[in-house]
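What follows is a short report on a single structure.
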Amino acid sequence: MAARRAKLDRLRTELGVEPFGHRVDGITPLDRARAAFDEAAHLAYEEAAKAAKADPSVTIDDRRPAVTVAGRVVQHRDMGKLVFMWLRDHSGDLQVSVSKANVPEGAFKVASMADYGDLLSVTGRVGRTNRGETCVWADGVTMQCKSLEPPPGKWHGLSDDETRYRRRYVDMYANPDTVRTFQLRSRIVSAIRRFMESRGYQEVETPMMQAMAGGAAARPFVTHHNTLDMQLFMRIAPELYLKRLLVGGLPKVFEINRNFRNEGVDRSHNPEFTAMEAYEAFGDYMTMLEMVESLVHAVACEVAGVPQGGPVALPFGDLVIDYAKPFRRVRYEELFQKAFGFAMEDEARVRATAKDLHVEGAATKDLWLVVNELFEERAEALLDPSKPTFVLDYPSAISPLTRPSRARPVIAERWDLFIAGMEIGPAYTELNDPDIQLAKFTEQLKGADEEESTFRSLDEDFITALRVGMPPAGGMGMGIDRLVMLLSNSQSIRDVILFPLMRAE
RNA sequence: GCCUCGGUAGCUCAGCUGGUAGAGCAGCUGACUCUUAAUCAGCGGGUCCAAGGUUCGAAUCCUUGCCGAGGCACCA
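Structure representation (structure tokens):
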């Protein structure tokens, strides 16, 4: 805005002030400055100031805490010879009061010329106004950065989603809740890491650019390496590399990192998203169940600020989610039976029902694909969204990386965790028989359509790794963004990703 | 990719069956040493998302496109 440019020039030419500052040491966050208020010192100062007014020879012993604070101006009220401003930083808001009598003339001009959005540093004493507002009574005011862009409204703020996502930096200063959400996200990810490390898992990093995009069934993003003249895919999952580490001898590994899937965008999908995967040698899917249940519970307790192990519930939209252990468990086939009134292996009734529900390929597609469509259509809806629930024992046919049950090979040792209707993540007893794995991959490739076959290929090195020998293992995956959504009561994944993907402007 | 809704001042929004664009806040000038969305006096501010069409006349109606939101599809 032209007016801001003009003020910038006035600061430089009239006041000799450089509007883009430099290093400031010893800044007190605004919440701490507020907390530093000392009632006794404040009252003593008020008394002394009154006395000094009557008798100028009296010197004031000012014991109010001295602070340096810094922040963005979010309110500015100019009373002529007294200027009140609200500063905002990552910790909160605090009023700064600037009396013309108590600061150098240039500093007072800076204060009275300040605009919404400017960054100031202020030195002064923590006190209170006549109206009871805790504030910093300034003895110095310095312009640290003149904001040259028009700010969002001070009253209605910024609510346009497009601007919030495209200009997150404005969203963050205009909407303190946004900052709180991302502070919470950092705490959650940190708590997850601490939990995993406390259980002896080692964090690793595996390739994000892969010659073959394996470990899941999503469409990948394609890229190219120039000097090697080589097509690469952004990874859709780290699974096949983490398993190689089990082959190599690491017993317990995890990775928290981005996956990239070239699919649609909606409230719970962003093309790049953060996932954790973990693998434990000589474990199985029930090892993972205990671990994930404890992890989600522990993080929920931390977010809610309640003791570990006890009852804990957090709001999510209209729901209150109960994160107390144990989570519910239900077997896939039992849920199917409950939803449809017949067994999932009753092919005739499965296909007939699928036809009634207009499932594509009801008569011709593989039975288990039809079963799973019915399951997703009707059975998942039976889960109580406010109770985290493990759905156990998926059909083997739709679980290509999972070890079939010894007792009943048609069932795979796999579960999925559902919370609030969202799939948070699966876990498997990992398939470590190279011959069966090869057969499953080959089978899967046969079923690939033309588009799929352009990016799907057989990862022979992974089969080689299995032939070298991977210990029996449990493995899990978890969508970190979705977990953060749940724990921060955010209804859209865009509200927990700092810079969600947007179309180019 | 499909369907629905939306895009008007810096922000939040109003603008009826078509008649030439408004409010509040923000901004600018001035006053004010205790404000809390400060107050008071005065002043400026628009590619009505874009292009095309219908019409004497379009922010408004039609078509197409762009961007966003929600839903559907896709996402083992």
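In short: position in the first sequence from 1, add 1324, done, that's the numbering used here. Cβ coordinates follow ideal geometry from the N, Cα and C atoms, glycine included.
- Exclusion of the five residues before and after D1819 leaves T1505 as the residues of its chain whose Cβ lies within less than 7 Å of its Cβ.
- Of all C-beta pairs linking the stretch 1556-1567 to the stretch 1779-1788, three or more are shorter than 8 Å, placing the two stretches in contact.
- Counting C-beta pairs closer than 8 Å gives three or more between the stretch 1612-1624 and the stretch 1505-1516, which meets the contact rule.
- F1606 places its beta carbon less than 8 Å from that of A1797.
- Per the C-alpha coordinates, the member of Y1603, V1683, A1378 positioned closest to P1795 is Y1603.
- Taking the Cα of R1455 as reference, the smallest distance to any Cα among Q1419, L1508, D1757, F1578 is reached at Q1419.
- Shown here, E1596 sits in a strand according to DSSP, grouped into three states.
- Around the C-beta of R1653, fewer than 16 other C-beta atoms lie within 10 Å, and the residue is accordingly described as exposed.
- Between the alpha carbons of A1628 and E1527 lies a gap of roughly 26 Å.
- Three or more beta-carbon pairs drawn from the stretch 1497-1511 and the stretch 1468-1483 are found closer than 8 Å, and the two stretches are therefore classed as touching.
- I1748 is not a Cβ neighbour of L1755, given a cutoff of 8 Å.
- The continuous alpha helix (DSSP H) containing M1809 extends over residues 1804-1812.
- Along the length of the stretch 1676-1717, whole alpha helix (DSSP H) runs at least 4 residues long occupy 1691-1698, reported in chain order.
- Here the stretch 1349-1362 makes no contact with the stretch 1373-1382; the two share fewer than three CB pairs at distances below 8 Å.
- A contact is defined here as three or more CB-CB pairs under 8 Å, and the stretch 1577-1596 fails this definition with respect to the stretch 1702-1713.
- By DSSP's assignment, Q1555 forms a beta bridge with H1548.
- For V1589, no beta strand (DSSP E) encloses it, and the DSSP letter there is neither H nor E.
- Proximity to D1553 across D1417, A1535, L1335 peaks at A1535, based on C-alpha coordinates.
- Listed as beta-bridge partners of N1583 by DSSP are F1597.
- With a cutoff of 8 Å on beta-carbon distance, R1509 and S1812 are scored as near each other.
- Linking L1659 to L1482 through their CA atoms gives a straight-line distance of about 45 Å.
- Linking R1673 to Q1555 through their CA atoms gives a straight-line distance of about 46 Å.
- Counted as a single uninterrupted DSSP element, the alpha helix (DSSP H) harbouring R1334 occupies residues 1326-1337.
- Taking 8 Å as the upper bound for CB-CB distance, A1663 and R1702 are in contact here, some 5 Å apart.
- Taking all protein chains in view, the Cβ of P1635 is surrounded by fewer than 16 other Cβ atoms within 10 Å, so the residue is classified as exposed.
- Rounded to the nearest whole angstrom, the CA to CA distance from L1613 to P1650 is 10 Å.
- For E1457, no alpha helix (DSSP H) segment is defined, and its DSSP state is neither H nor E.
- Annotation: the continuous beta strand (DSSP E) that includes L1411 extends over 1406-1413.
- A straight line joining the alpha-carbon of V1694 with that of A1687 spans about 9 Å.
- Cβ-Cβ distances below 7 Å link A1537 to P1544, F1557, R1559, I1560, F1779 in the same chain, with the five nearest sequence neighbours on each side left out; the list follows chain order.
- Nearest Cα to L1444 within the set W1410, A1326, G1451: W1410.
- With respect to S1423, T1453 sits apart: the two C-beta atoms are not nearer than 8 Å.
- Restricting attention to alpha helix (DSSP H) runs no shorter than 4 residues, the stretch 1742-1807 encloses them at 1758-1770, 1774-1777, 1784-1793, ordered along the chain.
- Partner residues in the beta bridge of M1533, as assigned by DSSP, are M1558.
- With respect to the C-alpha of I1512, the residue from V1734, M1600, P1724, I1645 having the closest C-alpha is M1600.
- A residue is called buried once 16 or more other Cβ atoms fall within 10 Å of its Cβ, and I1384, having fewer, is exposed.
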